[in-house]
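As C-alpha cells, then:
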C-alpha cells in the first residue's frame with residue numbers, strides 16, 4: 001500500500017477522464033460525427049489535466065453553481081474544495097443543453113474530448129476576475145483571458161480522448177499523476193514537496209529545492225510544459241538546463257522531475273492553491289510556496305500566496321504549503337540564504353533581476369557563479385547564441401532584399 | 001490561547017513539582033528535620049527537571065513497574081510514554097518504605113527536594129543498560145553511571161524546593177518550560193524546532209538551525225547547562241560563543257536561546273527520544289535530530305537516533321523529529337550542505353574532527369571561515385589563550401619550587 005498522500009477530494013482516489021482501449025477508439029470515431037467546438041489552448045490543457053486525473057475530483061467543466069461556489073468560497077456543490085473556476089466558453093448560439101459535442105484545440109486542431117452539455121449559462125466575468133485575480137485590470141494577463149472568453153459557459157461531463165502533443169514533445173518529462181505516484185512509491189517516499197517551475201533553475205530555485213530535500217523524503221521538480229509567454233526560455237532548453245543542475249548538484253534519489261500541461265493564470269494566491277491541489281493528485285504532501293508565487297506585476301503582496309493557505313477552511317486541502325522566503329546569495333553568510341535566515345544588508349547580497357539575467361545572457365556575458373551554476377549558464381548561453389544567429393540570418397536576408405518573402 | 005504544542009502526557013498540562021511561597025518556606029524548614037540522603041548530580045538535575053515541569057508528567061522517581069515498562073516498551077503504568085528510567089538510588093539500608101526523606105546533592109550540599117518513599121526495590125542494572133544503552137560495556141559513560149548506582153532504587157512523589165545554582169549561574173539562559181512557552185507565545189510561534197547543544201556552535205550547527213528557521217516559525221537553541229565532561233568548553237565561554245553567532249548571523253525573532261539542567265546519558269537513540277519528550281514540555285513541536293545525536297563512541301549507528309522515532313507507538317510522543325543528515329561545507333556546492341543535498345566527493349568537502357578543532361584552537365591557530373564564524377573563533381581563542389596563561393603560571397610556580405603548596 002502506498003504511504004503517499006491521498007488524491008484530492010472526498011473519494012480519495014484518482015479520477016482520470018481519459019478513455020482507454022476500445023472505448024477510446026469508439027469515442028474518437030464518434031467525436032468526428034459530433035458538432036466541433038473550438039476551444040482555447042487553456043481550455044484544452046485543462047481538459048488534459050482532467051484526462052490524466054490531475055484535476056481529480058473534477059468530472060467535467062463546472063456548472064454555474066460550482067463556478068459561483070468556487071468564486072465565493074473555494075467550494076463546489078459536492079463539498080469539495082477547488083480554488084479557481086475550470087470552465088469552457090463559447091459564443092456559439094447553436095449549442096444547446098443536451099447536445100453532445102467535440103472539443104477541438106483551436107491552435108493544434110486536435111480533438112481533445114467529447115462533452116455532454118448539461119448546462120449553458122452566462123457569468124459575470126468581472127465578478128470572476130475580482131474573486132480570482134482580485135482585479136479587473138485588463139493589463140493582467142489572467143483577467144485579459146477571462147474577459148476575452150465567449151459569452152456562454154458550458155458545463156457537463158467530459159470524456160478525454162487525447163493528451164495532444166504533450167506525451168511526444170515532452171517524452172520522459174510529461175507525467176500522469178499515477179506515474180509520479182508510482183515513482184515516489186518505488187523510491188519509498190511519503191513526504192514529497194513539489195517545486196513549481198516554468199523557467200530555468202538558478203541557485204535560488206536550487207536552494208528552495210534543497211531546503212525541501214533536507215526535511216522531506218524528496219522533491220518533485222514539476223515543470224509547466226503548457227503554453228508560455230513570449231520571451232520565456234523554450235521548453236527543451238529549460239529541460240536541458242534543469243537536467244544539468246539536477247545531475248551535477250543533487251543527490252540521486254532525492255529529486256524526481258516531471259512536467260504538466262496546465263497553463264498559468266497568474267492568479268497569485270488562488271493559483272498557489274490550485275498548484276497545491278493538483279500536486280496532491282500527483283502525490284505531493286507539500287507545495288513549496290516562495291515569494292510572489294504565480295504572481296505577475298504588482299497585483300499581489302509578495303507573501304499573499306503563503307497567507308491564503310491559512311484562509312481556506314481547515315481540512316479542505318490536504319497538501320500543505322511549505323513556505324520559503326525570498327532567497328539569494330549573501331557574501332557575509334558565505335552561501336545561499338533567505339530573508340528569514342540572513343540578517344545582513346542589501347550591500348552584502350547578490351540580487352539580479354530577471355531582466356538583468358536575460359540581458360547578460362543575450363549579450364553573451366557570464367552570470368556570476370553565486371547566481372547560477374556554470375553548467376546551466378553554458379546551456380543558456382548556447383540558446384541565446386543560437387537566437388543571435390537566427391537574427392543575423394534574418395538581417396542578412398533583409399540586406400539582400402529577401403525580407404517580406 | 002496558546003497555539004503551541006501541548007505538554008507531554010495525557011493531562012496535556014505542565015506539572016511543575018517546585019513549591020512556591022509559604023509552602024516552599026515550610027518545606028525547606030521541614031527538610032532540615034528529615035533524614036538527609038545524598039544524591040548524585042545526575043539525580044539532582046533530574047529532580048530540578050521535575051521541579052520546573054520539564055519532566056511532565058512525572059511526579060517523582062519511578063516505581064519498579066514504571067522502570068520495567070520504560071525499559072521494555074517506553075511506557076509507564078499510567079499509559080504515558082517515557083524513554084529512559086528516571087530513578088534515584090542508594091546503598092542506605094535504613095531507608096524504609098513510608099519514610100519521608102530529604103534529597104541532598106552530594107556535590108553542592110544543596111537540598112533539592114523532599115520525597116515520600118513509596119517503594120524500595122532492586123533492579124537488574126545490566127538489563128537497564130542493555131535496554132537503554134544497548135550495551136553493558138563499562139567504557140560507555142552512561143553504563144558506568146548506572147552500574148555505579150546504589151543497590152536500591154527509591155520510588156515516590158517528590159516536592160522540589162531548590163533549583164540549585166542554575167538560575168543564578170546561568171541567569172538569562174536558564175529557563176523553565178513555562179518561561180520558554182511564554183516567549184514563544186509572545187513571538188506568535190506555533191511550530192518550534194529545538195536544537196540541542198552542549199558545545200559552541202560552528203557552521204554545521206548554524207546550518208541545522210537555519211534549515212529549521214526556513215521551515216518553522218522559529219528555533220529554540222537549547223543548551224545543556226548540566227554537568228560536562230572534562231575537556232568540554234565551559235558554560236560561560238560557550239554561551240558567549242553561541243551568542244556571538246546568533247547576534248551576527250541570525251535574523252532577530254527567529255531564534256530563542258535557553259538552557260536546561262539535565263545531564264547527558266549518551267544513550268543515543270533513547271536519549272534523542274528523551275530530548276524530544278522534554279522539549280515538548282518547553283513548547284517545541286519539533287526536535288532536530290542530526291547525525292549521531294546524543295551518541296558516544298561507536299555504540300550507535302549514525303542515524304539510529306532518527307530511526308527510533310518510527311519504532312515507538314504511534315501518537316505516544318507529539319513532538320516530532322526533524323531529521324537532518326551530516327552537514328559540512330562543500331567547495332563545489334559553494335556553501336553548507338548535507339549528505340542529502342551534496343552529491344560531491346570527500347575531496348570537495350571541509351571536514352574537521354573535534355580533535356583537530358581543539359588542537360588548532362589550543363595552539364592559537366585559525367579555523368577556516370567555512371568551518372566557524374570569525375566572531376566565534378575569536379571567543380574560543382581567547383578562552384584557550386586564558387587556559388595557556390593558567391598553565392604558564394603553574395609551570396612558573398613549579399620552576400620556583402612553589403609546586404605542591
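Residue numbers (our numbering), protein chains in the order written: chain A, 1 to 405; chain B, 1 to 405. Idealized CB from N, CA, C, for every residue including glycine.
Open item on the list: Measuring CB atoms only, is the region 147-163 of chain B touching the region 103-119 of chain B, in the sense that at least three cross pairs come out at less than 8 Å?
Closed with: yes
Task: Backbone CA spacing between residue 49 of chain B and residue 300 of chain B [nearest angstrom] - done: Distance between the alpha carbons of residue 49 of chain B and residue 300 of chain B: 26 Å.
TODO: Consider the Cβ of residue 341 of chain B: report whether some Cβ of chain A lies at a distance smaller than 8 Å.
DONE: For residue 341 of chain B, a Cβ of chain A is located within less than 8 Å of the residue's own Cβ.
Open item on the list: By the DSSP assignment, the alpha helix (DSSP H) with residue 92 of chain B in it spans what residues?
Closed with: That residue, residue 92 of chain B, is in no alpha helix (DSSP H); it is neither H nor E in DSSP.
Open item on the list: Just to confirm the assignment, what range does the beta strand (DSSP E) spanning residue 359 of chain B have?
Closed with: Note, residue 359 of chain B: premise wrong, no beta strand (DSSP E); alpha helix (DSSP H) at 354-362.
Open item on the list: Please list, in chain order, the chain A residues whose beta carbon lies closer than 7 Å to that of residue 319 of chain B.
Closed with: Simply none; closest approach about 15 Å.
Task: For residue 371 of chain A and residue 202 of chain A, the rounded distance between their alpha carbons - done: 6 Å
TODO: Leaving out five residues on either side along the sequence, give the residues of the same chain with a beta carbon under 6 Å from the beta carbon of residue 183 of chain A.
DONE: 256
- [ ] Pull up the distance between the alpha-carbon of residue 346 of chain A and that of residue 374 of chain B, whole angstroms please.
- [x] Spanning the alpha carbons of residue 346 of chain A and residue 374 of chain B requires a straight line of approximately 21 Å.
Open item on the list: Please list, in chain order, the chain A residues whose beta carbon lies closer than 7 Å to that of residue 180 of chain B.
Closed with: Residues of chain A passing the Cβ test: none, with the nearest at roughly 20 Å.
Open item on the list: Using C-beta distances below 6 Å, list every residue in its chain close to residue 398 of chain A, excluding the 5 sequence neighbours before and after it, in chain order.
Closed with: Interpretation of residue 398 of chain A is limited by its pLDDT of 43, a score under 50 that renders its predicted location unreliable; no figure is taken from the coordinates.
TODO: Output, in sequence order along the chain, the residues in the region 199-224 of chain B whose CB is closer than 7 Å to any CB in chain A.
DONE: 210, 211, 213, 214, 215
- [ ] Would you decide whether residue 10 of chain A is buried or exposed? Buried here means 16 or more other CB atoms lie within 10 Å of its CB.
- [x] exposed
Open item on the list: Using DSSP's beta-bridge definition, name the partner residues of residue 335 of chain A.
Closed with: DSSP lists A/330 as partners of residue 335 of chain A.
Task: Outcome for residue 13 of chain B when other beta-carbon atoms lying within 10 angstroms are tallied against a minimum of 16 - done: Around the CB of residue 13 of chain B, fewer than 16 other CB atoms lie within 10 Å, so the residue is classed as exposed.
Open item on the list: Would you say residue 287 of chain B lies against chain A (beta-carbon separation less than 8 Å)?
Closed with: Using a Cβ-Cβ cut-off of 8 Å, residue 287 of chain B does not count as an interface residue toward chain A, since no Cβ of chain A sits closer than that to its own.
- [ ] Kindly indicate the opening and closing residues of the alpha helix (DSSP H) around residue 33 of chain B.
- [x] 21-33
Task: residue 369 of chain B burial status per 10 Å Cβ neighbour count (16 or more: buried) - done: exposed
TODO: Grab the span of the alpha helix (DSSP H) containing residue 135 of chain A for me, first residue to last.
DONE: It is not in any alpha helix (DSSP H) - residue 135 of chain A carries neither H nor E in the DSSP assignment.
Task: Pairwise C-alpha distance: residue 355 of chain B and residue 204 of chain B - done: Straight-line Cα distance between these residues: approximately 16 Å.
Open item on the list: Tell me which residue opens and which closes the beta strand (DSSP E) that residue 119 of chain B is part of.
Closed with: From DSSP, the beta strand (DSSP E) with residue 119 of chain B extends over 119-121.
Task: Contact check, residue 2 of chain B vs residue 176 of chain B, beta carbons under 8 Å - done: no
TODO: Using only alpha-carbon positions, find the residue among A/26, A/15, A/166, A/92 that is nearest to residue 38 of chain A.
DONE: A/92
Open item on the list: Cβ closer than 8 Å: which chain A residues qualify as neighbours of residue 335 of chain B?
Closed with: 334, 335, 336
Open item on the list: Could you compute how far the alpha carbon of residue 403 of chain A sits from the alpha carbon of residue 142 of chain A?
Closed with: Residue confidence for residue 403 of chain A is low, a pLDDT of 34 falling below 50, so the modelled location carries little weight; the figure read from the coordinates is stated next. Taking the straight line from one Cα to the other gives about 35 Å.
Open item on the list: On a Cα-Cα basis, can you pick out the residue from B/53, B/81, B/94 that is closest to residue 66 of chain B?
Closed with: B/81
- [ ] Write down the C-beta distance between residue 268 of chain A and residue 304 of chain A rounded to the nearest angstrom, noting that I regard them as a contact closer than 8 Å.
- [x] 6 Å
Task: Residues from the region 228-254 of chain A in contact with chain B, defined by Cβ distance under 9 Å - done: 247, 248, 249, 250, 251, 252, 254
TODO: Taking residue 73 of chain B as part of the alpha helix (DSSP H), name the residues at either end of that continuous run.
DONE: 64-73
Open item on the list: Which residues does DSSP list as the beta-bridge partners of residue 156 of chain B?
Closed with: According to DSSP, residue 156 of chain B bridges with B/61.
Task: Cα-Cα separation, residue 235 of chain A to residue 349 of chain A - done: 30 Å
Task: Extent of the continuous beta strand (DSSP E) to which residue 239 of chain A belongs - done: Taken as a continuous stretch (DSSP letters only), residue 239 of chain A belongs to no beta strand (DSSP E), being part of the alpha helix (DSSP H) at 235-249.
Open item on the list: Taking a contact to mean a Cβ-Cβ separation below 8 Å, would you say residue 88 of chain A touches residue 61 of chain A in this structure?
Closed with: yes
TODO: Throw me the rounded Cβ distance for the residue 233 of chain A and residue 383 of chain A pair, which I believe falls under 8 Å.
DONE: 7 Å
Task: residue 324 of chain B: contacting residues in chain A (beta-carbon distance under 9 Å) - done: Per Cβ cutoff of 9 Å: 214, 215.
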